[in-house]
Structure formats: C-alpha cells, structure tokens
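Only one structure is covered here, and it is reproduced in the block below.
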Amino acid sequence: MEKKDADIVGWVKGGASLYTSNFVTLFVGGILTALIGAVTFGILAGPMFAGYFRVVLRLANKSEPRPGIGDVFSGFDVFLHSLLFIIGSMIVNIVGSTVLDWVPLIGGLLSIAFSLALSALLLFGIPLIADKKLDVIAAVQTSIDAVKESLPQYIGFAVVASLLGFSGVLLLGVGVVLTLPMYVASIAVAYRDVFGSSTTPVAEPVAGTA
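Residues are numbered in the working numbering as their position in the sequence shown, beginning at 1, plus a constant of 78.
Next up, the structure:
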C-alpha cells in the first residue's frame, strides 16, 4: 500500500459535503449508533460504529443499492473484533496516559501527546474491521502502517475532525448527535483516499424479516 500524506482540509471538506448531501440518513443513523452505544455502556458501540461506517462509506462511493438507515445494524458480523478494538484502545489509552502523567513537570503534556498520537495511529481501526473484515490485530497494524510515516499530519487531521465532530457537546451534549456524523464522514473520506473505494456489501435481509 502506497503511503499517503493527510489532506486535512480536503478530507474535512469532503466529509462536510458527504454529510450535507445525505443528511437524513447520516443524522438518523448517527442518533441510533450513538444511542445504542450509550445505553449498552459501550458494549455495542463497536458493531454499531462499524455498521454506521459501512453506510457512510457506501454513500461516499455512491454504491448501489443505496444503503438505508437500517443498515447501521450491519456491523454485527464483526461484533467481536470491533468490541475488542474499542476495549483495547481504551485500556491502552488509559494505562499509557496514567503512567506518563507521573513523569515530573512534563507528565501532563506527555499524556496529552500520547493520547493524540494513539488516536491518529488507530484512526482506521474500526473502518478496516468494518470494510475489509480484518481481525483486530491486523486492523491495528494496517492502520499504524498507513499513518506512521506522516504521523504529525494525521494527528492534525484527527484533532480537527474530532473538534468538528464533537463540538456538539458544547450544546449541553445534545448537539453531538448533529455533529458526530461530520466526524465519521470525514474519516470515511480519508479512508477511501488512503485505502481505495472497495466496500463490504451491506448484508441482505434475512428471509421473512424484510
């Protein structure tokens, strides 16, 4: 895979365009994803975000058939690896930040730098699990390989996308359901630019349930 520098402005603008062009699907799908992830205390956050990412990526690729809101539930075929990724990344972040926090004088800065670098290195973890159905180890390694040579740029992109995507927290937390899709859409545009446009087809409905 050819290494690619982060196109911060292009990816964010592409994410904004993708979101506004598919507002209803991404807004309602984002609400379902965030709500189910929250009420299950994060247990279903992995597969829900995997399914949501598939929807966003297929919309970005203008895939047919066009994905619908219900396709956010398509990520349960990667339930285990998406869950392990969420749990594993949280543990590494908490442990690493806590240890670095103990360093005299600069511990706080080191802790922040570690969290930012980790978020950039693992940027494509869930997308790779969702799209290419990689196991958690392969997804982590592939994401790191894609990002590491241009890490400062990817940190910048991760920070900008996160600020835009989670700015809704400022509106008493409620606005995050409006801005979260912007974050995922920007990641999808970046993912497509780095890894190509192939997507995992959304699963067909089970007979008798459609």
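All C-beta atoms, glycine included, are put in the ideal place defined by N, C-alpha and C.
**Request:** Measure the CB-CB distance between V133 and T103 and report whether it falls below 9 Å.
**Result:** Within the sequence shown, numbered from 1, the residue matching residue 133 stands at position 55. Within the sequence shown, numbered from 1, the residue matching residue 103 stands at position 25. Yes, these two residues count as a Cβ contact at 9 Å.
**Request:** Report yes if the C-beta distance between L258 and A112 is below 9 Å; otherwise report no.
**Result:** Taking the first residue of the sequence shown as position 1, residue 258 is located at position 180. Taking the first residue of the sequence shown as position 1, residue 112 is located at position 34. Contact: yes.
**Prompt:** Which residue from Q231, V262, I169 and L187 puts its Cα closest to that of K82?
**Reply:** For the purposes of this step, residue 82 is taken as the residue at position 4 of the sequence shown. Checking every option, the nearest Cα to that of K82 belongs to Q231.
**Request:** Excluding the 5 residues preceding and the 5 following S245 in the sequence, name in chain order all residues of the same chain whose CB lies nearer than 7 Å to its CB.
**Result:** Start at 1 with the first residue of the sequence shown, and residue 245 comes out as number 167. Answer for S245: T257, listed in chain order.
**Item:** Close-in-space but distant-in-sequence residues of the same chain around S275 (CB under 7 Å, 5 per side omitted)
**Value:** As a first step, residue 275 must be located in the sequence shown, where it is residue number 197. Result list for S275: N139, in chain order.
**Prompt:** In its own chain, which residues sit with a C-beta less than 6 Å from the C-beta of R144, not counting the 5 before and 5 after it?
**Reply:** In the sequence shown, counting from the first residue as 1, residue 144 sits at position 66. There are no such residues.
**Asked** What is the DSSP secondary structure of K140, reduced to helix, strand or coil?
**Response** Here residue 140 corresponds to residue number 62 of the sequence shown, with the count starting at 1. K140 falls in the coil class under three-state DSSP.
**Item:** Contact under 9 Å by Cβ, V170 with G124
**Value:** For this step, residue 170 is matched to residue 92 along the sequence shown. For this step, residue 124 is matched to residue 46 along the sequence shown. Going by C-beta atoms, V170 is not nearer than 9 Å to G124.
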